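Here our numbering is used: the first residue of the sequence shown is 5, the next is one more, and so on. In this text, a Cβ means the ideal position worked out from N, Cα and C, and glycines have one as well. Computed from a predicted structure; not experimentally measured.
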Amino acid sequence: MFRGVKGAFNRALRGVESSLKAGIPVGLRMTLTRYNVGEAPALVELARSRGVKRIAFYLMDLTGRAKGNPDLLPTREQLTGFVNSMIRVSEEFKGDPEILIVRGNFVGIHVADKLATSKDEFLEYIQMISAQGDCGRKTISIYPDGSVKPCQFIDWVDVGNVKERRLKEIVSVENEKLKPYMEVYKHLKGPRCSKCHFKTICGGGSRSRALAFTGNPWEDDPLCYINPQEIAKRWDIREGDIGKVMGN
């Protein structure tokens, strides 16, 4: 139903099995919506039963054909339950398969809060999150017409064109069009994101979801469900702790 092609799921499974038989490493991806988020644990079981070593769950982003369908997003309550279930199955299966959650770095703050047993351990976990790729900071997208965008999830912004300038110049820190996406935390305006203790780590979640819901890409991501003040208090996060994590 989601792909719009009858039999797509069974065909995908046949492709998985054929690839594995040929010795090709296989990963699965699932776009989470409010209608399928409850099926995530079963998909992990499926991956494990087929010998797939990695599965990535993408929090639905409101770009492309999803722009006009914000009602497909999972609720915050559904998302919280999903992440907790992924923590449980990952511990149960001892990381086999590896589980990735994409397009919501705030989820990493939640996971760190759940797994850490000390402040030092919590800071180690969020340092791992800070190393992940973000739009314009560690990733870009080059479109067929040569236009360069911060990534495929920020498709309304052009930061240059490789038919007109060298890519090295476009991705330079001197590019004023790209700079806001390299320093997202400096531009966040929403009441939650702008005051968040972890905004330099998270980067405010998804700018496209913020744009779709508020008309302003620098507002809050509507899917973020964590309470950063409560988490910071629990781990005694003080001024300067996050700077150390970021290497400042």
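query, result
"From arginine 80 to glutamate 168, what does the alpha carbon distance come to, in whole angstroms?", "43 Å"
"Tell me, please, which residues DSSP counts as bridged to arginine 33.", "Ala60"
"The alpha helix (DSSP H) that contains glutamate 81, what's its start and end?", "80-96"
"Could you give the first and the last residue of the continuous beta strand (DSSP E) run that contains leucine 104?", "102-106"
"In or out: isoleucine 28 buried (at least 16 other Cβ within 10 Å) or exposed?", "exposed"
"Please report the residue range of the alpha helix (DSSP H) in which lysine 123 lies.", "123-134"
"For serine 94, I'd like the list of residues in its chain whose CB is within less than 6 Å of its CB, leaving aside the five on either flank, ordered along the chain.", "Ile103"
"Could you tell me the boundaries of the alpha helix (DSSP H) in which valine 111 lies?", "110-119"
"Between methionine 5 and lysine 153, what straight-line distance do the alpha-carbon atoms span, to the nearest angstrom?", "30 Å"
"Just how far apart, CA to CA, sit asparagine 73 and glutamate 187?", "29 Å"
"Do the CB positions of glycine 140 and tyrosine 185 come within less than 9 Å of each other?", "yes"
"Runs of 3 residues minimum, wholly inside the stretch 6-30: which ones carry the beta strand (DSSP E) assignment?", "none"
"In angstroms, rounded to a whole number, what distance separates the CA positions of proline 101 and tyrosine 39?", "23 Å"
"Leaving out the 5 sequence neighbours to the left and right, which residues in its chain are closer than 6 Å to alanine 51 when beta-carbon positions are compared?", "Leu32, Ile59 and Pro101"
"Can you find the residues in the same chain that come closer than 7 Å, C-beta to C-beta, to alanine 236, ignoring five residues on each side of it along the sequence?", "His201"
"Rounded to whole angstroms, what's the CA-CA distance from methionine 132 to threonine 204? Just pull it up for me.", "13 Å"
"Note down, in chain order, each residue of its chain lying with its Cβ closer than 7 Å to the Cβ of valine 163, except the 5 sequence neighbours on either side.", "Val152, Lys153, Pro154, Ile174, Asn179, Lys181 and Leu182"
"Which residues does DSSP list as the beta-bridge partners of valine 152?", "Ile146 and Gly164"
"Can you tell me where the alpha helix (DSSP H) holding alanine 70 begins and where it ends?", "It is not in any alpha helix (DSSP H) - alanine 70 carries neither H nor E in the DSSP assignment."
"Label arginine 196 either buried or exposed according to how many other C-beta atoms from any shown protein chain fall within 10 Å of its C-beta, with 16 as the threshold for buried.", "buried"
"With DSSP as the reference, label cysteine 139 as helix, strand or coil.", "strand"
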